[in-house]
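Heads up, the numbering used here is the position in the sequence shown plus 306, with the first residue counted as 1. Idealized CB from N, CA, C, for every residue including glycine.
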Amino acid sequence: MLDVLHDRALSGLPIYRDDPHDPDDENTLATALFEIGNAGVSMKAYRRRQCAFDTFVACATPEPARVSAPAALTRN
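This is the structure:
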């Protein structure tokens with residue numbers, strides 16, 4: 307996946323761009339890779355093929371639902 311994000315194809319506009327003279331005057335500052343799984347989300351940011359930021363956010367364990375006891379029914 308990182309190879310795709312670091313694409314530097316000569317024709318058209320590649321995904322990763324650092325040429326100050328490319329036709330749309332846009333350049334890539336960083337590339338982010340997200341991995342979403344059951345345990346949480348991993349995010350890595352790459353700059354010039356080097357990992358510049360790496361973090362993992364774990365899924366929060368949901369608190370059990372609070373169920374209140376039903377009120378006693380009285381009949382007159």
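Helix, strand or coil for T337? Go by DSSP, reduced to three states. DSSP, read as helix, strand or coil, puts T337 in strand.
For V373, does the three-state DSSP call read helix, strand or coil? In the three-state scheme derived from DSSP, where H, G and I count as helix and E and B as strand, V373 is classed as coil.
Can you tell me whether DSSP reads M343 as helix, strand or coil? Looking at the sequence provided, one finds Gly at residue 343 rather than Met. Secondary structure of G343 (DSSP, three-state): coil.
Would T337 be called buried (16 or more neighbouring beta carbons within 10 Å of its own) or exposed? Burial is judged here by how many other beta carbons sit within 10 angstroms of a residue's own beta carbon; T337 has at least 16 and is buried.
According to DSSP, residues forming a beta bridge with A351: Secondary-structure assignment with DSSP links A351 through a beta bridge to A338 and F359.
In chain order, what residues of the same chain have a beta carbon less than 7 Å from the beta carbon of G346, not counting five sequence neighbours either side? So the qualifying residues of the chain are F362, V363, A364 and C365.
For A366, which of helix, strand or coil comes out of DSSP? A366: coil per DSSP, three-state reduction.
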